[in-house]
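Visitor: Can you read through this structure? Questions will come right after.
There are 2 protein chains.
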Amino acid sequence: MSLIVQKFGGTSVADLERIRNVAERVAKTFDQGNNVVVVLSAMAGITDGLIDMANQVAVSPDKRELDVLLATGEQTTAALLAMTLQSMNYPAKSILGYQAEIITNRNYGSARILEIGADRIKKLIEKHNIVVMAGFQGCDAEGNITTLGRGGSDTSAVAIAAALNADKCEIFTDVDGIYTADPNICEKARKLSVISYDEMLEMSGLGAKVLQIRSVEFAKKYNVSVHVRSSFSEEEGTMVVNEDSDMERLVVSGVTLNKDAARITLKKVPDQPGVAAKIFSPIADEKILVDMIIQNTRAEGLTDLTFTVSKKDFIKALEIEKQVAQQIGAEKVFGDENIAKVSVTGVGMRSHSGVASKVFSTLAGENINILMISTSEIRISCIIEEKYGELAVRVLHKAFGLDKVGK
Amino acid sequence: MSLIVQKFGGTSVADLERIRNVAERVAKTFDQGNNVVVVLSAMAGITDGLIDMANQVAVSPDKRELDVLLATGEQTTAALLAMTLQSMNYPAKSILGYQAEIITNRNYGSARILEIGADRIKKLIEKHNIVVMAGFQGCDAEGNITTLGRGGSDTSAVAIAAALNADKCEIFTDVDGIYTADPNICEKARKLSVISYDEMLEMSGLGAKVLQIRSVEFAKKYNVSVHVRSSFSEEEGTMVVNEDSDMERLVVSGVTLNKDAARITLKKVPDQPGVAAKIFSPIADEKILVDMIIQNTRAEGLTDLTFTVSKKDFIKALEIEKQVAQQIGAEKVFGDENIAKVSVTGVGMRSHSGVASKVFSTLAGENINILMISTSEIRISCIIEEKYGELAVRVLHKAFGLDKVGK
Chain A
1 MSLIVQKFGG TSVADLERIR NVAERVAKTF DQGNNVVVVL SAMAGITDGL IDMANQVAVS
61 PDKRELDVLL ATGEQTTAAL LAMTLQSMNY PAKSILGYQA EIITNRNYGS ARILEIGADR
121 IKKLIEKHNI VVMAGFQGCD AEGNITTLGR GGSDTSAVAI AAALNADKCE IFTDVDGIYT
181 ADPNICEKAR KLSVISYDEM LEMSGLGAKV LQIRSVEFAK KYNVSVHVRS SFSEEEGTMV
241 VNEDSDMERL VVSGVTLNKD AARITLKKVP DQPGVAAKIF SPIADEKILV DMIIQNTRAE
301 GLTDLTFTVS KKDFIKALEI EKQVAQQIGA EKVFGDENIA KVSVTGVGMR SHSGVASKVF
361 STLAGENINI LMISTSEIRI SCIIEEKYGE LAVRVLHKAF GLDKVGK
Chain B
408 MSLIVQKFGG TSVADLERIR NVAERVAKTF DQGNNVVVVL SAMAGITDGL IDMANQVAVS
468 PDKRELDVLL ATGEQTTAAL LAMTLQSMNY PAKSILGYQA EIITNRNYGS ARILEIGADR
528 IKKLIEKHNI VVMAGFQGCD AEGNITTLGR GGSDTSAVAI AAALNADKCE IFTDVDGIYT
588 ADPNICEKAR KLSVISYDEM LEMSGLGAKV LQIRSVEFAK KYNVSVHVRS SFSEEEGTMV
648 VNEDSDMERL VVSGVTLNKD AARITLKKVP DQPGVAAKIF SPIADEKILV DMIIQNTRAE
708 GLTDLTFTVS KKDFIKALEI EKQVAQQIGA EKVFGDENIA KVSVTGVGMR SHSGVASKVF
768 STLAGENINI LMISTSEIRI SCIIEEKYGE LAVRVLHKAF GLDKVGK
């Protein structure tokens, strides 16, 4: 008898009819002789609605209380699904974060799981119950309700799968798997049957939002194989697994585009110790995240420094740097919002050389100018003009042999 | 420094603006140098909405899961009020049933409180927090969420007031106190400044729904003085207190009318041992509650038996008794839906004779025929024709000197 964790996202439980569909899917898995632990998100839109209410009563809602409020969303779906299963004569019991002993730190709104004392779930399973766990929530050591941040139910599912040593962890969502590129941009994108944790981590960080990034970190740490699949079809999705697994060996497994980038350049910065701190400290103080940083040394003790931020932070960062430039004696500051980041990701890069040069020559072949470059062990990212973003994805997708055959 | 428990009902927290009003009221009490524990209901209508959802997913929703679902209502208002208070710079913390250790039996949907381990609330109070407790909910010894039934937040408030040995327990509601009669029926009804637990218990049982009856039992058991008052005005309401308190001494403190009654009569029942059991067992098996029972012995070993039930159970009870009559050889069964119960209640009856005869003569003076009579130590109830109900209330109200002066 296998133990299967099945997680359903907000669109999969968006209304009572869809909850019924989820119940039927769960019942089928149970009927096949499996133990099942279901992890649920709130109904689509509910969490945003609760946040709206909170923002109406308080300019900056207390984070502890916001978590108490938000936790009602998953509590509702867990109770409704358990009821639905019971009405179909399946033995189901809901369990909330604190009942499942999902112990987190006290970082309200984006708490991290410290430990899971899954005894109560184990007992329920022993009595052959279908366990319906409210995702997204836990509690700190003193019993205060905490939540795990956007997409936190993914992490709930992977964490409980690890704690229970489950045989499978299935993440049901509104897409049918992980693609080699966004099918809206690249019609020849194809679904990957398998992807490694590291590739998934890089892609999540690049804005592919299928899984919460922390859930992938968790899966990697505890070696939980995660099956990302559609809740609206029976088709197999994508397995997210350890790199050592028997994977299809692609050099590059995906091409991603992130348009949420803007760059700021400080020209002719006096190249002295401490100058970088002067440039980046006031940005950090405003909680603005900096992505890429590039420094080109010029002659005469001067340097040019360029960095990228989210588009939403662009105006503020630019203002800050104009003040900084005066203080440190930089010649000029200018910014550019019309950029995008295109990235190729693949664990194959670890053993294949020539990937970077192929990226550069492919883009050059379309006369796409590369403005900045950054790399990791398994990823190459280029900042290019925004208008070339989609084209870049398509030509790179083809160049690395990712195009679907026959289309 | 006093400790005050303030409970606000569903209409008092019906929307975000009203929650703001509640916050201001609580803040004012806190500013006056008091410690405050607030107990909240769900927003008006929310509990019914959740029950509707449950009934859509299951014909007979599992009671454990229904309690998990319903508990979200009070969790929501508790978080919102705590947030609102914090945004006004008051130190507020929400606390849920299980966190407050409101330990109940496992009778889901109408659980009874077994004990309260109020340590956590005491600690929060010591740190000078305003504690905002979710009413209506508790948990059993194993941590399963339970609810206390309709109006259960009243009981939450009284119970926590008892556990904390609070100085005051204020129940804020949408009426401004307890009246000598329903002002919609009797315009000369006046607000009582004080009423005893026993009178309140009789009146609650008679259909005056200001307080959950169990909360009054609790208040009586632990001698908690309860102040029922309006959340929409500053006016004093009605104190519900021990009879020994310094009360205004009315013989009768209230006249109530309950139209939800129907009667069934079995004529010429053979008067044998066990015949009553044969008449009432099948009714009890259908979970139909019987209110009054009257038996008139006739000659020749025959008896007439009349009893009352709720109007909603009338048809079913009548069908059952027609079958029973055949089995036991009763001559005839007939029913009457057009009846009502009018009652006068007052602890003064314990020491005043002549109350019953005054009731009978007053009704007789209006040619109102009395169909059945039942009494308790502090109450006299008469079944009369429904159409005379309002008139009976008014004449009894006047006869016992309850009319407001000058109107």
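Just so you know, the sequences run in chain order A and B. Just so you know, this note's numbering puts 89 at position 89 of the first sequence, and the rest follows in order with no gaps. Convert by adding 407 to the 1-based position in the second sequence; the result is the number in this note's numbering. Backbone N, C-alpha and C define an ideal beta-carbon position, used for all residues, glycine too. What you are looking at is a predicted structure, and each value in this text was computed from that prediction instead of being measured.
How far does the beta strand (DSSP E) with LEU114 of chain A in it extend, from its first residue to its last?
Guide: As a position in the first sequence, residue 114 of chain A is number 114, starting the count at 1. Element bounds for LEU114 of chain A: 113 to 116.
Visitor: What is the C-beta distance between VAL862 of chain B and VAL631 of chain B, in whole angstroms, given that I count them as a contact (C-beta under 8 Å)?
Guide: Past the edges of chain B, shown from 408 to 814, lies residue 862 of chain B, and the structure says nothing about it.
Visitor: Say whether chain B places a C-beta atom closer than 8 Å to the C-beta of PRO61 of chain A.
Guide: By one-based count along the first sequence, residue 61 of chain A stands at place 61. Cβ-Cβ to chain B under 8 Å: yes for PRO61 of chain A.
Visitor: Using CA coordinates, which residue listed in A:VAL36, A:ALA134, A:LEU266, A:LYS209 is at the minimum distance from TYR90 of chain A?
Guide: Position 90 of the first sequence, counting from 1, holds the residue named residue 90 of chain A. Here the closest residue by C-alpha is A:VAL36.
Visitor: Could you name the residues of chain A that ALA465 of chain B contacts, counting a contact when the two beta carbons are closer than 7 Å?
Guide: Taking the first residue of the second sequence as 1, we reach residue 465 of chain B at position 58. MET83, THR84, GLN86, SER87, listed in chain order.
Visitor: Using the Cβ count rule (16 or more neighbours within 10 Å means buried), how would you classify ARG379 of chain A?
Guide: Counted from its first residue, the first sequence places residue 379 of chain A at position 379. ARG379 of chain A should be labelled buried.
Visitor: Is there a C-beta anywhere in chain A that falls below 8 Å from the one on LYS814 of chain B?
Guide: For the purposes of this step, residue 814 of chain B is identified with residue 407 of the second sequence, where counting begins at 1. Since pLDDT at LYS814 of chain B reaches only 43, below the 50 mark, its modelled position is unreliable, and the value read off the structure follows with that caveat. False, the Cβ-Cβ gap to chain A never drops below 8 Å.
Visitor: Under DSSP, the beta strand (DSSP E) around SER230 of chain A begins and ends at which residues?
Guide: By one-based count along the first sequence, residue 230 of chain A stands at place 230. Looking at the DSSP string, the run of the beta strand (DSSP E) that includes SER230 of chain A is 226 to 230.
Visitor: Give a yes or no on contact between the region 134 to 152 of chain A and the region 64 to 82 of chain A, applying the rule of three or more CB pairs nearer than 8 Å.
Guide: Yes, they touch.
Visitor: Where does the unbroken beta strand (DSSP E) through LEU778 of chain B begin, and where does it stop?
Guide: By one-based count along the second sequence, residue 778 of chain B stands at place 371. It spans 777 to 783 - the beta strand (DSSP E) in which LEU778 of chain B sits, taken as one unbroken run.
Visitor: Please determine, among A:ASP140, A:CYS169, A:ALA44, A:THR84, the residue with the shortest C-alpha to C-alpha distance to ASN34 of chain A.
Guide: For the purposes of this step, residue 34 of chain A is taken as the residue at position 34 of the first sequence. Per the Cα distances, A:CYS169.
Visitor: Identify the continuous beta strand (DSSP E) that holds SER788 of chain B and give its terminal residues.
Guide: Counting from one through the second sequence, the residue named residue 788 of chain B turns up at place 381. That run of the beta strand (DSSP E) goes 786 to 792.
Visitor: By the DSSP assignment, the alpha helix (DSSP H) with GLN323 of chain A in it spans what residues?
Guide: For this step, residue 323 of chain A is matched to residue 323 along the first sequence. It spans 314 to 328 - the alpha helix (DSSP H) in which GLN323 of chain A sits, taken as one unbroken run.
Visitor: Have a look at GLN679 of chain B and GLY755 of chain B and give me their C-alpha separation to the nearest angstrom.
Guide: Here residue 679 of chain B refers to the residue found at position 272 when the second sequence is read from its first residue. Here residue 755 of chain B refers to the residue found at position 348 when the second sequence is read from its first residue. Approximately 40 Å, taken between the alpha carbons.
Visitor: What is the residue span of the alpha helix (DSSP H) that PRO282 of chain A lies within?
Guide: Along the first sequence, one-based indexing puts residue 282 of chain A at 282. Taken as a continuous stretch (DSSP letters only), the alpha helix (DSSP H) holding PRO282 of chain A covers 275 to 285.
Visitor: Would you kindly report the start and end of the unbroken beta strand (DSSP E) that includes ALA668 of chain B?
Guide: In the second sequence, residue 668 of chain B corresponds to position 261, counting from 1. Start and end: 661 to 677.
Visitor: Quick check on LEU392 of chain A - is its C-beta less than 8 Å from some C-beta in chain B?
Guide: Here residue 392 of chain A refers to the residue found at position 392 when the first sequence is read from its first residue. Reading off the sequence, residue 392 of chain A comes out as Ala, not Leu. By this cut-off, ALA392 of chain A is not an interface position.
Visitor: Tell me whether GLN506 of chain B sits in a helix, a strand or coil according to DSSP, three-state version.
Guide: As a working note, residue 506 of chain B is residue 99 in the second sequence. Coil, per DSSP.
Visitor: Applying a beta-carbon distance threshold of less than 7 Å, which residues of chain A neighbour GLY550 of chain B?
Guide: On the second sequence, position 143 is the one that residue 550 of chain B refers to. Result: GLN99.
Visitor: Note down, in chain order, each residue of its chain lying with its Cβ closer than 6 Å to the Cβ of ARG471 of chain B, except the 5 sequence neighbours on either side.
Guide: The count along the second sequence starts at 1 and reaches residue 471 of chain B at position 64. Only TYR515 meet the Cβ criterion.
Visitor: Rounded to the nearest angstrom, how far is the Cβ of LEU250 of chain A from that of ASP182 of chain A, given a contact under 8 Å?
Guide: The residue labelled residue 250 of chain A in the question sits at position 250 within the first sequence. The residue labelled residue 182 of chain A in the question sits at position 182 within the first sequence. The pair is not a contact, with the Cβ atoms about 17 Å apart (cut-off 8 Å).
Visitor: Using a cut-off of 8 Å between C-beta atoms, extract the partners of ALA485 of chain B located in chain A.
Guide: Stepping through the second sequence from its first residue, residue 485 of chain B is reached at position 78. Here the neighbours are VAL68.
Visitor: Need the endpoints of the beta strand (DSSP E) that ASN21 of chain A sits in, please.
Guide: What you label residue 21 of chain A is simply residue 21 of the first sequence in a count that begins at 1. Note, ASN21 of chain A: premise wrong, no beta strand (DSSP E); alpha helix (DSSP H) at 16 to 31.
Visitor: Should ASP469 of chain B and THR553 of chain B be called a contact, given that it needs their Cβ atoms to be closer than 8 Å?
Guide: Along the second sequence, one-based indexing puts residue 469 of chain B at 62. Along the second sequence, one-based indexing puts residue 553 of chain B at 146. Contact: no.
Visitor: Taking CB distances under 8 Å as the criterion, tell me whether LEU423 of chain B reaches chain A.
Guide: Here residue 423 of chain B refers to the residue found at position 16 when the second sequence is read from its first residue. Closer than 8 Å: yes.
Visitor: Give the straight-line distance between the Cα atoms of LYS814 of chain B and GLU431 of chain B, rounded to the nearest whole angstrom.
Guide: Numbered from its first residue, the second sequence carries residue 814 of chain B at position 407. Numbered from its first residue, the second sequence carries residue 431 of chain B at position 24. With a pLDDT of 43 at LYS814 of chain B, under the threshold of 50, the modelled position of this residue cannot be trusted; read the value that follows with caution. For LYS814 of chain B and GLU431 of chain B, the distance between alpha carbons rounds to 35 Å.
Visitor: Check for me: the alpha helix (DSSP H) holding GLY480 of chain B runs from which residue to which?
Guide: Working through the second sequence from its first residue, we reach residue 480 of chain B at position 73. First-last of the alpha helix (DSSP H) with GLY480 of chain B: 470 to 494.
Visitor: Verify whether the separation of the beta carbon atoms of THR104 of chain A and LEU114 of chain A is less than 8 Å.
Guide: Mapped onto the first sequence, residue 104 of chain A falls at position 104. Mapped onto the first sequence, residue 114 of chain A falls at position 114. Yes, they are a contact pair.
Visitor: Please classify ASP140 of chain A as buried or exposed, where buried requires at least 16 neighbouring CB atoms within 10 angstroms.
Guide: Taking the first sequence and counting its residues from 1, the one referred to as residue 140 of chain A is at position 140. Flag for ASP140 of chain A reads buried.
Visitor: Tell me, please, which residues DSSP counts as bridged to LEU302 of chain A.
Guide: As a position in the first sequence, residue 302 of chain A is number 302, starting the count at 1. For LEU302 of chain A, which the question treats as bridged, DSSP gives the partners A:PRO270.
Visitor: Pull the bridge partners of SER357 of chain A from the DSSP assignment, please.
Guide: The residue labelled residue 357 of chain A in the question sits at position 357 within the first sequence. Note: SER357 of chain A sits in no beta bridge, so no partner.
Visitor: Does the beta carbon of MET133 of chain A come closer than 8 Å to any beta carbon on chain B?
Guide: The count along the first sequence starts at 1 and reaches residue 133 of chain A at position 133. Taking Cβ atoms only, chain B never reaches closer than 8 Å to MET133 of chain A, which makes this a no.
Visitor: Contact defined as beta carbons within less than 8 Å: I believe LYS316 of chain A pairs with ILE293 of chain A. What is the distance between those atoms, to the nearest angstrom?
Guide: Working through the first sequence from its first residue, we reach residue 316 of chain A at position 316. Working through the first sequence from its first residue, we reach residue 293 of chain A at position 293. About 18 Å separates the two Cβ atoms, so there is no contact after all.
Visitor: Using Cβ-Cβ distances below 8 Å, what residues of the region 416 to 443 of chain B are close to chain A?
Guide: Cβ contacts with chain A: LEU423, ILE426, ARG427.
Visitor: Quick one: using the 10 Å Cβ neighbour count with 16 as the cut-off for buried, is MET200 of chain A buried or exposed?
Guide: Counting from one through the first sequence, the residue named residue 200 of chain A turns up at place 200. Buried, since its Cβ has 16 or more Cβ neighbours within 10 Å.
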